[in-house]
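Number of protein chains: 2
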Amino acid sequence: MRCPAVRPLLAIALAVTLSIAVAEEAPPPTTAGVLAASTPADWRRPDPENVLYLELDSGRVVIELAPQFAPLHADNIRTLVRAGYFDGLKVIRSQENYVVQWGDPHADDPEKARPLDPAKATLPPEFTRPMRGLDFTVLVDGDVYAPEVGFSGGFHAARDPEAGQAWLAHCYGVLGVARGGTADSGSGAGLYVVIGHAPRHLERNITAVGRVLRGMELLSTLPRGSGPLGFYTDPAQQVPVKAMRVAADVPEAERSALEVFRTDTAAFAQLMEARRNRREEWFLHPVGKVELCNVPVPVREVVGTE
Amino acid sequence: MRCPAVRPLLAIALAVTLSIAVAEEAPPPTTAGVLAASTPADWRRPDPENVLYLELDSGRVVIELAPQFAPLHADNIRTLVRAGYFDGLKVIRSQENYVVQWGDPHADDPEKARPLDPAKATLPPEFTRPMRGLDFTVLVDGDVYAPEVGFSGGFHAARDPEAGQAWLAHCYGVLGVARGGTADSGSGAGLYVVIGHAPRHLERNITAVGRVLRGMELLSTLPRGSGPLGFYTDPAQQVPVKAMRVAADVPEAERSALEVFRTDTAAFAQLMEARRNRREEWFLHPVGKVELCNVPVPVREVVGTE
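Protein chains in written order, with UniProt numbering: chain Z, 1 to 306; chain R, 1 to 306.
What follows is the structure, given as structure tokens:
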């Protein structure tokens with residue numbers, strides 16, 4: 001757990017939290033209270049260039065890319081989306097307590113595989129990136145998998161100060177890039193979303209490139225595949241991908257107007273505290289700790305117009 | 001993280017692991033290898049008195065009760081099941097990344113509520129139990145929420161040596177007893193199963209009484225409820241509970257013949273190691289750590305007859 005590294009951070013973070021408490025008096029004690037007291041400055045509008053729509057018959061899944069963690073993959077995915085690569089492809093895998101994956105069912109068949117160009121077929125891995133230049137709000141309770149965990153740019157993240165590297169955490173709803181046996185075998189043509197308990201052991205083994213903001217239930221409730229790794233054995237079970245779009249390419253009136261809670265604010269520090277000690281009436285024993293993936297990064301519909 | 005308390009356990013556990021490695025030479029490096037090398041003694045048949053069948057139109061969910069952690073609740077649930085209390089009731093709640101819950105949709109309406117007798121309407125909380133007398137296989141990597149975590153009797157568990165208490169961990173698939181605002185307001189007439197990222201903060205706040213052995217996908221893929229907390233707002237959306245049965249009351253030919261991997265064996269110690277360092281070919285960076293809920297307790301169909 002590398003506690004020596006965690007301890008000073010704990011002290012610093014508590015000091016920050018206390019100063020906030022003093023500065024603003026008793027902070028709202030619950031998540032609902034923190035959100036009710038939030039100001040417009042506590043929320044951000046994701047850049048439409050970083051927002052993807054996965055259109056299924058059941059509705060729209062809204063995804064935010066994190067190019068600060070995987071710029072090459074974010075670019076390649078945008079290129080694939082804009083080339084219409086995903087339109088008419090399928091959800092090919094739904095594995096219980098693990099992931100849902102979509103892409104080309106014939107990706108491994110040179111005869112039938114849909115061409116990727118102008119996108120690249122393989123990319124250098126972006127499993128981690130340098131810590132330097134990346135804002136990071138530390139969660140003080142530590143982590144089993146990483147020396148430090150917290151939040152960066154609205155995403156659950158982890159980092160290793162000794163190695164000087166940071167990466168997106170594999171929490172529920174994370175968007176990952178499927179790959180084969182080698183580090184550079186992913187392109188973004190095969191994408192997956194985590195629908196179960198966080199498989200944090202995938203970190204530093206695969207490129208994570210974003211997270212789902214809306215519509216998780218459209219993926220998490222898909223029938224599980226009966227094949228190995230949850231692949232659908234009968235093509236008729238595969239779920240059609242009607243289309244994928246970059247929000248910036250969609251008429252404003254047809255966009256999902258969402259705001260995401262900032263993770264670099266005093267309000268977010270209060271939200272973390274509200275999750276570390278649940279003060280909702282129902283709770284009898286506040287734990288005083290919270291694990292990374294149990295801290296939500298709230299998303300809300302934009303009310304009114306600009 | 002209470003590392004000082006964890007460190008010595010780390011030393012002990014590693015010593016145990018190494019002695020196993022020496023005694024049996026190179027242990028199977030992967031989960032598949034450990035299971036392939038397992039002997040009948042590494043598996044156990046759950047006591048049919050502790051196995052419940054939740055029968056849905058979509059199939060059977062098999063649950064194992066853990067009376068060693070919550071004897072009063074396990075007894076009361078058996079009494080309810082044997083009185084036919086659950087037969088014809090409904091799944092009333094399906095909350096994204098959280099829980100599915102079933103029981104009496106009219107439980108709060110004295111006029112319409114189904115009577116619980118001969119079962120009790122309320123029970124003393126069994127949030128924790130004394131550590132003494134409880135076997136416990138420690139997971140060496142520590143935990144964010146509890147001073148120690150590991151496995152007891154085949155269940156994911158946690159404990160606090162200072163308090164001398166142990167409890168079932170709220171991992172994916174755990175069976176919990178719904179309660180109201182007070183500690184003693186649960187009876188087992190309302191039951192839930194965790195279908196998302198482990199809500200470990202519920203521990204010591206509610207009574208966990210078992211876990212799902214088979215059929216999680218029948219619960220995890222249920223349409224989410226659109227009401228607060230994922231309750232179904234339209235009774236037509238509620239999913240019928242055809243019946244609940246205690247396996248011991250079901251003719252042997254109609255039982256689900258399952259075996260569960262023991263958690264107090266050298267084979268399980270090897271399985272934990274196989275999860276701490278994933279040696280499957282796909283993994284490029286074994287993490288060297290694993291979080292409690294990412295260690296599976298394997299379940300298999302019984303092959304052949306007794």
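No residue lacks a Cβ here, since even glycine has one placed at the ideal position from N, Cα and C.
Beta-carbon gap between residue i and residue j smaller than 9 Å
i: residue 243 of chain Z; j: residue 133 of chain Z; result: no
i: residue 62 of chain R; j: residue 239 of chain R; result: no
i: residue 154 of chain Z; j: residue 261 of chain Z; result: yes
i: residue 195 of chain R; j: residue 213 of chain R; result: no
i: residue 172 of chain R; j: residue 205 of chain Z; result: no
i: residue 108 of chain R; j: residue 241 of chain R; result: no
i: residue 209 of chain Z; j: residue 70 of chain Z; result: yes
i: residue 223 of chain R; j: residue 221 of chain Z; result: yes
i: residue 125 of chain R; j: residue 186 of chain R; result: yes
i: residue 263 of chain R; j: residue 299 of chain R; result: no
i: residue 78 of chain R; j: residue 89 of chain R; result: no
i: residue 259 of chain R; j: residue 45 of chain R; result: yes
i: residue 197 of chain R; j: residue 166 of chain Z; result: no
Run of the beta strand (DSSP E) containing residue i, from where it starts to where it stops
i: residue 216 of chain R; result: Not the beta strand (DSSP E): residue 216 of chain R falls in the alpha helix (DSSP H), residues 216 to 220.
i: residue 268 of chain R; result: From DSSP, residue 268 of chain R is part of no beta strand (DSSP E) but of the alpha helix (DSSP H) over 266 to 276.
i: residue 152 of chain Z; result: 148 to 152
i: residue 242 of chain R; result: 239 to 246
i: residue 185 of chain Z; result: Counting along the chain, residue 185 of chain Z falls outside any beta strand (DSSP E), and DSSP gives it neither H nor E.
i: residue 195 of chain R; result: Premise fails: residue 195 of chain R is in no beta strand (DSSP E) and is neither H nor E.
i: residue 282 of chain R; result: Looking at the DSSP string, residue 282 of chain R is not in any beta strand (DSSP E), and its letter there is neither H nor E.
i: residue 302 of chain R; result: Premise fails: residue 302 of chain R is in no beta strand (DSSP E) and is neither H nor E.
i: residue 120 of chain Z; result: Note, residue 120 of chain Z: premise wrong, no beta strand (DSSP E); not H, not E.
i: residue 49 of chain R; result: Counting along the chain, residue 49 of chain R falls outside any beta strand (DSSP E), and DSSP gives it neither H nor E.
i: residue 92 of chain R; result: 90 to 94
i: residue 174 of chain Z; result: 174 to 177
i: residue 203 of chain Z; result: Run containing residue 203 of chain Z: none; DSSP gives neither H nor E here.
i: residue 59 of chain Z; result: 59 to 65
i: residue 307 of chain Z; result: Past the edges of chain Z, shown from 1 to 306, lies residue 307 of chain Z, and the structure says nothing about it.
Chain-ordered neighbours of residue i on chain Z, where CB pairs are closer than 9 Å
i: residue 64 of chain R; result: In chain order: nothing, as chain Z lies at least about 17 Å away.
i: residue 198 of chain R; result: 197, 198, 291, 293 and 294
Integer Cβ distance of residue i from residue j, believed to fall under 8 Å
i: residue 245 of chain Z; j: residue 31 of chain Z; result: Actually they do not touch by this definition, with Cβ atoms about 32 Å apart.
i: residue 174 of chain Z; j: residue 188 of chain Z; result: Between residue 188 of chain Z and residue 174 of chain Z the Cβ distance is about 14 Å, and since that is not below 8 Å, they are no contact.
i: residue 183 of chain R; j: residue 168 of chain R; result: 16 Å between Cβ atoms; not a contact.
i: residue 145 of chain R; j: residue 291 of chain Z; result: 7 Å
i: residue 235 of chain R; j: residue 105 of chain R; result: 6 Å
Under 7 Å from the C-beta of residue i: neighbouring residues of chain Z
i: residue 96 of chain R; result: 216, 217 and 220
i: residue 284 of chain R; result: 183 and 205
Residue i to residue j span [Cα, whole Å]
i: residue 101 of chain R; j: residue 216 of chain R; result: 13 Å
i: residue 140 of chain Z; j: residue 293 of chain R; result: 21 Å
i: residue 99 of chain Z; j: residue 230 of chain Z; result: 8 Å
i: residue 14 of chain Z; j: residue 270 of chain R; result: Low confidence applies here, because residue 14 of chain Z scores a pLDDT of 36, under 50, leaving its location unreliable; read the following figure in that light. So the two alpha carbons sit approximately 39 Å from each other.
i: residue 7 of chain Z; j: residue 135 of chain R; result: Because the pLDDT at residue 7 of chain Z is just 34, under 50, the model does not fix this residue reliably, and the value given afterwards should be weighed accordingly. Each residue's Cα considered, the two are about 32 Å apart.
i: residue 68 of chain Z; j: residue 75 of chain Z; result: 11 Å
i: residue 163 of chain Z; j: residue 129 of chain Z; result: 10 Å
i: residue 41 of chain R; j: residue 47 of chain R; result: 16 Å
i: residue 117 of chain R; j: residue 35 of chain Z; result: 43 Å
i: residue 302 of chain R; j: residue 190 of chain Z; result: 37 Å
i: residue 200 of chain Z; j: residue 278 of chain Z; result: 24 Å
i: residue 73 of chain R; j: residue 180 of chain R; result: 15 Å
i: residue 21 of chain Z; j: residue 37 of chain Z; result: Confidence at residue 21 of chain Z is low in this model, with a pLDDT of 42, below 50, so its placement is unreliable and no value can be given for it.
i: residue 295 of chain Z; j: residue 251 of chain R; result: 46 Å
i: residue 265 of chain R; j: residue 150 of chain R; result: 13 Å
Contacts that residue i makes with chain R (C-beta to C-beta distance below 7 Å)
i: residue 278 of chain Z; result: 201
i: residue 145 of chain Z; result: 287, 289 and 291
Where the alpha helix (DSSP H) containing residue i begins and where it ends
i: residue 34 of chain R; result: 31 to 36
i: residue 80 of chain R; result: 71 to 82
Beta-carbon neighbours of residue i, restricted to chain R and to distances below 9 Å
i: residue 172 of chain Z; result: 97, 196 and 197
i: residue 57 of chain Z; result: Residues of chain R passing the Cβ test: none, with the nearest at roughly 14 Å.
i: residue 223 of chain Z; result: 217 and 221
Chain-ordered chain R contacts of residue i [CB-CB under 8 Å]
i: residue 108 of chain Z; result: Residues of chain R passing the Cβ test: none, with the nearest at roughly 16 Å.
Neighbouring residues, chain Z, relative to residue i (Cβ below 8 Å)
i: residue 281 of chain R; result: 181
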